[in-house]
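Here's the structure we're looking at; comments come further down.
2 protein chains.
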Amino acid sequence: MNFERFFPPLIHKALEVGPPGQWAPKPFSQNINLHAGYPHPNAIPIEDLMKAALNLSNKERDLPFQYEGSPSKKNLKILLKENSYIRGIHLDNQKMIVTAGSTQALDLTAKVLLHESDLVALESPTYMEAIEIFRNYTSNFISYPMDQKGLDVDFLAEDLAYRQKNRIQLPKLIYTVPTFHNPTGISMDLSRRTQLLKLAEEYDFLIVEDDAYGQLASKGELPPIKSFDKFDRVIYLSSMSKVIAPGLRIGWAVAPKKMVEAMSHFKKDADHAFSWAVTAYYLKHCDFSTHVQQVRSDYSKRLLFIKEALSKYMPTTIHWTEPSGGFFIWVHLPTIDTDKLLKKALAIGVSFIPGKHFFIDPCDGSEFLRLSFSYADEEQISKGIMFIASLLEV
Amino acid sequence: MNFERFFPPLIHKALEVGPPGQWAPKPFSQNINLHAGYPHPNAIPIEDLMKAALNLSNKERDLPFQYEGSPSKKNLKILLKENSYIRGIHLDNQKMIVTAGSTQALDLTAKVLLHESDLVALESPTYMEAIEIFRNYTSNFISYPMDQKGLDVDFLAEDLAYRQKNRIQLPKLIYTVPTFHNPTGISMDLSRRTQLLKLAEEYDFLIVEDDAYGQLASKGELPPIKSFDKFDRVIYLSSMSKVIAPGLRIGWAVAPKKMVEAMSHFKKDADHAFSWAVTAYYLKHCDFSTHVQQVRSDYSKRLLFIKEALSKYMPTTIHWTEPSGGFFIWVHLPTIDTDKLLKKALAIGVSFIPGKHFFIDPCDGSEFLRLSFSYADEEQISKGIMFIASLLEV
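In structure tokens, the structure reads:
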């Protein structure tokens with residue numbers, strides 16, 4: 001039977017793009033992993049999490065395993081709100097929804113906001129999974145360039161003015177990762193953050209602010225756009241994946257009430273009670289803030305290290321971004337097709353993500369690649385970069 | 001700002017229905033809970049799950065806390081497939097997707113199959129959360145009655161023939177809970193299961209078979225419709241929520257390959273690595289089959305007990321279904337408005353779910369209520385029924 005005939009036209013269209021996760025390299029088991037945005041194994045507080053789980057189940061018995069009823073589960077939202085305050089985000093007139101990672105929050109955002117005719121604005125380059133998600137709802141995109149200060153907001157302003165003047169469709173939303181951007185590692189500077197918010201108000205669009213790496217910022221550093229949002233323009237997404245553990249799937253959104261109500265309406269997977277309760281118990285009873293400081297300092301060292309390794313091994317024609325933190329660095333290799341380079345790299349033992357996956361038009365990214373410095377050890381990073389460099393000498 | 005203006009028309013329409021979970025009574029903390037479809041606290045293998053979590057984290061360290069990489073996490077699908085074989089379901093030409101409970105599987109099913117103009121057929125009554133989910137995608141429903149043998153398939157056949165003859169829209173899918181039906185507890189008999197499958201083939205519709213309680217059936221008992229499906233007509237949903245723990249959110253679907261591929265395309269919450277890995281470790285290293293037998297026998301005893309309590313306390317005008325298992329029994333109280341009755345019941349200390357929530361047209365259900373016998377202890381069940389009966393005497 002031709003099963004596809006049961007799918008509605010919109011689903012057919014979304015399926016044309018090919019399955020998700022195509023960006024993921026298929027490394028051999030012994031490959032040095034410079035592709036994955038995984039926390040370092042030592043950055044996951046395994047012992048504390050297991051202690052939390054044990055104490056929780058001793059104290060609350062079956063409750064964290066039920067749909068509802070666990071006091072710790074209920075507590076999670078309060079603790080995440082406290083966390084939002086640290087990032088300068090106050091919940092007045094806003095609501096929070098806890099989601100399965102910020103990925104689900106982004107999916108729900110796209111789902112409740114996008115009509116297939118809507119235009120979505122993206123940074124160029126942008127997070128590859130965000131492209132995958134938005135493509136399920138629209139195929140109407142516009143990309144705006146970045147420089148060393150993040151999204152080029154002046155360029156954006158000019159284009160918006162041009163569009164308005166010439167009655168060309170304006171974007172309904174812009175998706176941005178202003179803090180420790182994925183894939184470039186760049187952070188948007190403060191004046192651009194406020195300028196972007198003004199543009200949203202002026203041209204009546206929404207800002208989807210993905211702050212998945214924001215938990216790695218120091219207190220007061222790089223305040224989220226949401227922290228200035230007086231106009232209900234920002235849908236703020238964050239996550240514990242980079243600072244506790246991605247496998248617990250704890251993400252959240254802070255957004256205007258009506259937005260969160262709509263997201264809740266469509267969030268049809270019930271809450272992950274056990275995972276929520278373990279996380280809440282950990283946040284409440286373990287020293288999360290010391291843990292985050294430690295993790296932050298470890299990643300900073302690793303960032304310095306990868307920059308040194310790049311300087312040491314890469315030919316002088318190769319350039320890379322100056323990340324202020326996060327998990328990634330973005331490398332430009334003029335005249336090199338990084339998709340082909342990946343095949344060779346895997347064969348000699350190292351993986352990265354070719355740049356094309358971070359662009360709506362893959363041609364734009366063929367000379368770039370994303371390196372992750374979060375997961376591999378220093379020795380591996382060094383070796384991995386040496387391997388990649390060795391492929392460029394031919 | 002009027003935020004709703006950003007929502008597309010389809011979302012506006014879905015939001016008209018009111019927020020999900022409105023069916024849930026708001027009991028006082030000391031109320032006897034006869035409303036929730038929760039497993040009994042003793043039926044959750046807390047100690048074994050915690051042992052599994054500990055051994056897992058000793059053995060696999062950070063891996064179950066990462067996005068991917070845990071051998072146990074990877075193992076879950078294999079173990080769930082074995083479980084499907086026990087229910088007579090073979091995976092030839094079919095695929096499996098693991099989801100956050102069967103609720104997410106149902107949401108994905110609706111999402112990839114339904115256009116807003118599509119007609120969805122339901123049993124009357126049906127699972128209230130299924131109504132909530134389908135209403136997010138269409139407002140076009142037809143309900144078919146049930147009797148003591150489950151869905152009245154002859155009635156359905158007649159209506160389908162009539163529709164075809166008169167060129168009235170046929171359903172795209174029928175949603176059914178054939179085994180230990182929610183809310184009635186009734187199981188569809190074998191001949192109706194095969195007859196329904198024939199009708200699906202004849203009138204070109206799909207069957208969404210929710211087997212969430214099927215894990216509580218004995219081996220070979222009540223074979224799922226999916227086990228006869230030679231024509232790719234059945235999307236089979238199941239869950240570990242009733243036999244291990246709902247808070248772990250382990251559900252799955254078995255469906256034709258193209259269907260599962262489409263579901264995967266839209267399942268945008270990543271996998272719950274830790275939860276999957278703990279469940280897989282538990283299934284592999286603990287005695288799940290003995291646990292299920294024990295749980296099954298406990299619920300059977302509790303079913304007998306609630307029937308006795310109903311016989312003992314209820315006036316002779318009140319009747320109830322004859323469940324063959326599961327978590328629920330369905331009570332008919334002629335001339336009583338069970339929505340009003342709930343308010344009085346909560347005030348004297350017991351909760352149930354008013355029948356109206358299980359029907360597309362709430363008027364159909366006003367004289368019914370659902371009692372759960374899964375969660376409360378025998379003494380509480382007895383007391384709860386006595387309380388409800390006392391309200392009927394006035």
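Top to bottom, those sequences are chains A and B. Here the first sequence stands for residues 1 to 394, where the numbers follow the UniProt record's numbering. Here the second sequence stands for residues 1 to 394, where the numbers follow the UniProt record's numbering. All C-beta atoms in this analysis are idealised placements derived from N, C-alpha and C, irrespective of residue type, glycine included.
Select from A:L304, A:W320, A:E367 and A:D361 the residue whose C-alpha is nearest the C-alpha of S382 of chain A.
Here residue 382 of chain A is taken as the residue at index 382 of the first sequence, counted from 1. The residue with the shortest Cα to Cα distance from S382 of chain A is A:L304.
Applying a beta-carbon distance threshold of less than 8 Å, which residues of chain A neighbour P64 of chain B?
For this step, residue 64 of chain B is matched to residue 64 along the second sequence. Within chain A, the residues near P64 of chain B are G247.
Can you tell me the Cα-Cα spacing of R192 of chain B and F6 of chain A, whole angstroms?
The residue you call residue 192 of chain B lines up with position 192 of the second sequence. The residue you call residue 6 of chain A lines up with position 6 of the first sequence. The alpha-carbon atoms of R192 of chain B and F6 of chain A are separated by roughly 24 Å.
Could you spell out where the beta strand (DSSP E) holding M386 of chain B opens and where it closes?
For this step, residue 386 of chain B is matched to residue 386 along the second sequence. Premise fails: M386 of chain B lies in the alpha helix (DSSP H), E378 to L392, not in any beta strand (DSSP E).
Could you have a look at F205 of chain A and say whether DSSP puts it in helix, strand or coil?
The residue given as residue 205 of chain A occupies position 205 in the first sequence. Three-state result, F205 of chain A: coil.
Grab me the residues of S143 of chain A's own chain with a C-beta within less than 6 Å of its C-beta, minus the 5 sequence neighbours each way, in chain order.
In the first sequence, residue 143 of chain A corresponds to position 143, counting from 1. Same-chain partners within the cutoff: L122, S124 and I360.
Taking contact to mean at least 3 C-beta pairs separated by less than 8 Å, is the stretch 291 to 306 of chain A in contact with the stretch 31 to 48 of chain A?
With a cut-off of 8 Å, the stretch 31 to 48 of chain A and the stretch 291 to 306 of chain A count as touching, because enough Cβ pairs lie within range.
Hey, does S29 of chain A have any beta-carbon neighbour from chain B nearer than 7 Å?
In the first sequence, the residue the question calls residue 29 of chain A occupies position 29. Not an interface residue.
If we define contact as Cβ-Cβ less than 7 Å, is H115 of chain A a contact residue for chain B?
As a first step, residue 115 of chain A is located in the first sequence; it is residue number 115 there, counting from the start. It does; some Cβ of chain B falls within 7 Å.
Using a Cβ cut-off of 8 Å, which residues of the stretch 77 to 105 of chain B contact any Cβ in chain A, in chain order?
Going along the stretch 77 to 105 of chain B in chain order, one finds T99, A100, G101, T103 and Q104 with a Cβ nearer than 8 Å to chain A.
Where G365 of chain B and K242 of chain B are concerned, what is the direct C-alpha to C-alpha distance, given to the nearest angstrom?
The residue given as residue 365 of chain B occupies position 365 in the second sequence. The residue given as residue 242 of chain B occupies position 242 in the second sequence. Approximately 26 Å between the Cα atoms of the pair.
Output needed for Y175 of chain A: all residues of its chain with C-beta closer than 6 Å, excluding positions within five of it in sequence on either side, in chain order.
Translated into the one-based positions of the first sequence, residue 175 of chain A becomes position 175. These residues qualify, in order along the chain: L122, A130 and V208.
What does DSSP give as the partner residue(s) for S238 of chain B in the beta ladder?
Start at 1 with the first residue of the second sequence, and residue 238 of chain B comes out as number 238. According to DSSP, which records beta bridges pairwise, S238 of chain B is partnered with B:W252.
So which residues of chain A does E4 of chain B contact, with C-beta pairs closer than 7 Å?
Sequence index remark: in the second sequence, residue 4 of chain B carries index 4 (1-based). Residues of chain A passing the Cβ test: K258.
So with CB distances below 9 Å, who are the chain A contacts of E261 of chain B?
Your numbering for residue 261 of chain B matches position 261 in the second sequence. Residues of chain A passing the Cβ test: L15 and P19.
Distance cutoff 7 Å, beta carbons only. Does H357 of chain B sit that close to anything in chain A?
The sequence position of residue 357 of chain B within the second sequence is 357, counting from 1. No, H357 of chain B lies away from the interface with chain A (no Cβ there is under 7 Å from its Cβ).
Residues of chain A with CB under 7 Å from H319 of chain B, in chain order?
The residue labelled residue 319 of chain B in the question sits at position 319 within the second sequence. In chain order: nothing, as chain A lies at least about 30 Å away.
Verify whether the separation of the beta carbon atoms of F368 of chain A and G384 of chain A is less than 7 Å.
Mapped onto the first sequence, residue 368 of chain A falls at position 368. Mapped onto the first sequence, residue 384 of chain A falls at position 384. Cβ atoms of F368 of chain A and G384 of chain A: not closer than 7 Å.
Along the stretch 117 to 137 of chain B, what residues have a CB closer than 7 Å to any CB found in chain A?
Hits within the stretch, in order: I133 and N136.
Going residue by residue through the stretch 93 to 132 of chain A, where are the continuous alpha helix (DSSP H) segments of at least 4 residues, counting only ones entirely within it?
Taking only runs of at least 4 residues, the alpha helix (DSSP H) segments lying wholly in the stretch 93 to 132 of chain A are 101 to 113.
Quick check on P41 of chain A - is its C-beta less than 7 Å from some C-beta in chain B?
As a first step, residue 41 of chain A is located in the first sequence; it is residue number 41 there, counting from the start. Chain B contact via Cβ: present.
Can you tell me which of the three DSSP states R370 of chain B falls into?
Numbered from its first residue, the second sequence carries residue 370 of chain B at position 370. Strand at R370 of chain B.
Taking its Cβ as the centre, do 16 or more other Cβ atoms sit within 10 Å of A161 of chain A, making it buried, or is it exposed?
Translated into positions along the first sequence, residue 161 of chain A becomes position 161. A161 of chain A comes out exposed.
Within 10 angstroms of the Cβ of Q30 of chain A, are there 16 or more other Cβ atoms? Answer buried if so, exposed if not.
Numbered from 1 along the first sequence, position 30 holds the residue referred to as residue 30 of chain A. With fewer than 16 Cβ atoms within 10 Å of its Cβ, Q30 of chain A is classed as exposed.
Could you tell me whether any Cβ in chain D is nearer than 7 Å to the Cβ of A270 of chain B?
The structure shown has no chain D; the protein chains it does contain are A and B.
Going along the chain, which residues of its own chain have a beta-carbon closer than 8 Å to the beta-carbon of H319 of chain A, five neighbours each way excluded?
As a first step, residue 319 of chain A must be located in the first sequence, where it is residue number 319. V331 and H332.
For the ligand NAP, is there a heavy atom less than 6 Å away from the beta-carbon of I336 of chain B?
No copy of the ligand NAP occurs in the structure displayed, which carries no ligand at all.
Report the three-state DSSP secondary structure of V17 of chain A (helix, strand or coil).
By 1-based counting over the first sequence, the position of residue 17 of chain A is 17. Reduced to three states, the DSSP call for V17 of chain A is coil.
When burial is assigned at 16 or more other CB atoms within 10 Å of the CB, is L34 of chain B buried or exposed?
As a first step, residue 34 of chain B must be located in the second sequence, where it is residue number 34. L34 of chain B should be labelled buried.
Going by CA-CA distance only, name the one from B:A280, B:P224, B:K219 and B:D269 that's closest to A245 of chain B.
Your numbering for residue 245 of chain B matches position 245 in the second sequence. Looking at the Cα atoms, B:A280 is the closest of the given residues.
Under 7 Å between beta-carbons, which chain B residues line up against M240 of chain A? List them in chain order, please.
Stepping through the first sequence from its first residue, residue 240 of chain A is reached at position 240. Within chain B, no residue comes near M240 of chain A; the closest Cβ sits about 11 Å away, beyond 7 Å.
What do you get for E158 of chain B, buried or exposed, if any count of 16 or more other CB atoms within 10 angstroms of its CB means buried?
In the second sequence, the residue the question calls residue 158 of chain B occupies position 158. Exposed, because fewer than 16 other Cβ atoms sit within 10 Å of the Cβ of E158 of chain B.
Starting from W330 of chain B, follow the beta strand (DSSP E) in both directions and report where the run begins and ends.
Start at 1 with the first residue of the second sequence, and residue 330 of chain B comes out as number 330. F328 to H332 is the extent of the beta strand (DSSP E) around W330 of chain B.
Along the stretch 212 to 241 of chain B, what residues have a CB closer than 9 Å to any CB found in chain A?
Here the close residues are F231, D232, R233 and S241.
Cutting at 6 Å between CB atoms, please list the residues of its own chain near P45 of chain B, excluding the five before and the five after it.
In the second sequence, counting from the first residue as 1, residue 45 of chain B sits at position 45. Counting only Cβ-Cβ distances below 6 Å, and skipping sequence neighbours, we find H291.
Nearest to H265 of chain B by CA position, among A:Q22, A:M1 and A:E116, is which residue?
The residue you call residue 265 of chain B lines up with position 265 of the second sequence. Closest by alpha carbon: A:Q22.
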